[in-house]
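Q:
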Amino acid sequence: MSRHQRADGTAPSGAPRVTAAPDPGAETGTRARVARLILEHGPITASTLGEHLGLTPAAIRRHLDNLMAEGMVEARDARPHGRRGRGRPARVFVITEAGRDAFVHGYDDLASSALRFLAEKAGPEAISEFARRQVADLERRYRPILAAVAPQQRVRLLAEALSSDGYAASAGDAPAPGGGEQLCQHHCPVAHVAAEFPELCEAEVEAFARLLGTPVRRLATIAHGDGVCTTHVSPRDLNSPESKARPFPSEGGQRHTRTSRPGGSA
Numbered sequence: 000m001s002r003h004q005r006a007d008g009t010a011p012s013g014a015p016r017v018t019a020a021p022d023p024g025a026e027t028g029t030r031a032r033v034a035r036l037i038l039e040h041g042p043i044t045a046s047t048l049g050e051h052l053g054l055t056p057a058a059i060r061r062h063l064d065n066l067m068a069e070g071m072v073e074a075r076d077a078r079p080h081g082r083r084g085r086g087r088p089a090r091v092f093v094i095t096e097a098g099r100d101a102f103v104h105g106y107d108d109l110a111s112s113a114l115r116f117l118a119e120k121a122g123p124e125a126i127s128e129f130a131r132r133q134v135a136d137l138e139r140r141y142r143p144i145l146a147a148v149a150p151q152q153r154v155r156l157l158a159e160a161l162s163s164d165g166y167a168a169s170a171g172d173a174p175a176p177g178g179g180e181q182l183c184q185h186h187c188p189v190a191h192v193a194a195e196f197p198e199l200c201e202a203e204v205e206a207f208a209r210l211l212g213t214p215v216r217r218l219a220t221i222a223h224g225d226g227v228c229t230t231h232v233s234p235r236d237l238n239s240p241e242s243k244a245r246p247f248p249s250e251g252g253q254r255h256t257r258t259s260r261p262g263g264s265a
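The sequence shown begins at 0 in numbering that gives the first Met the number 0 and counts up by one.
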């Protein structure tokens, strides 16, 4: 490679223009890295993607345009934090369902086979215990973060913590009757395994209830074919058994009535 040429084939300002034959393999490999970053850290801006990968704005835009044309990612307006100034809102990029499916790994099949073997040898309760073990580390890491803030801030802080771990989470007011808040996870790294073993989702919901100190209800899951994992967080003063038992409709029209209380029971 010429010393005047960038890794992505572009030349810095002031350097002699170098004409080189395109490398389809390199293009495809870089595009896959862009898609993976969006999967793991989205919603994410083009400038942040460029910083992660060391690409120029023109190069990152080219890859994003191609990924959007292929239906792998989509662009959205960023949700404003605080008062938004004049001008166009920032654009962020998120993975689509087709893009998520493209990252199905062979170890999903291995994990499913291992859990089937565990259920056969030790019974279904062993699956539930395994799922709780899996989320125990997450709960241990998040607990001091959430314990340090007021209860009204915990859902937002939980969403930020989940996003830092690649779940692309967001929080906001719940549209469901009775108020409360809504926690959304736009990526699930174990969705294909959880489709067969819902105990993984149930253990996560139980952990959320303990961390937030209030009953929560999972409304929709990527594992069940919904576009996002959605969890309703009950208002802290809504503690009647009747309100806890009432099912909420999911975004996909189904009813996921799994409810967890702070103690972990359902």
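Quick reminder that beta carbons are idealized off the backbone N, C-alpha and C, glycines included.
Since the model is a prediction, treat every value here as computed from it, not as a measurement.
Can you name, in chain order, every residue of its own chain whose Cβ lies under 6 Å from the Cβ of Val189, other than the five neighbours on each side?
A: Leu199
Q: Using alpha carbons as the reference points, say which of Asp107, Gly171 and Thr29 lies closest to Ala194.
A: Asp107
Q: Suppose you measure from the CA of Met77 to the CA of Ser46; what does that come to, to the nearest Å?
A: Note on identity: in this sequence residue 77 is Ala, with Met being the wrong assignment. Distance between the alpha carbons of Ala77 and Ser46: 13 Å.
Q: From this set, Arg155, Gly212 and Ala202, which residue's C-alpha is nearest Arg131's C-alpha?
A: Cα-wise, what sits closest to Arg131 is Ala202.
Q: By the three-class DSSP mapping on this structure, what secondary structure does Ala110 have?
A: helix
Q: Could you work out which residue in Leu161, Leu218, Gly226 and Ala135 is closest to Ala173 when comparing CA atoms only?
A: Nearest Cα to Ala173 within the set Leu161, Leu218, Gly226 and Ala135: Leu218.
Q: Taking the beta strand (DSSP E) that Gln151 belongs to, which residues open and close that run?
A: Segment: none, Gln151 is in no beta strand (DSSP E) and carries neither H nor E.
Q: Can you list, in chain order, the residues of its chain whose CB lies under 8 Å from that of Thr95, leaving out five sequence neighbours each side?
A: Gly70, Met71, Val72 and Glu73
Q: In the DSSP assignment, what residue or residues form a beta bridge with His231?
A: Gln181 and Arg216
Q: Does the Cβ-Cβ distance between His191 and Ala167 come in under 8 Å?
A: no
Q: In whole angstroms, what is the alpha-carbon distance linking Phe196 and Glu180?
A: Roughly 27 Å between the two C-alpha positions.
Q: Determine the burial state of Ser162: buried for a count of at least 16 other Cβ atoms within 10 Å of its Cβ, exposed for fewer.
A: buried
Q: Look at the Cβ atom of Val33, then the Cβ atom of His62, and state whether they are nearer than 8 Å.
A: yes
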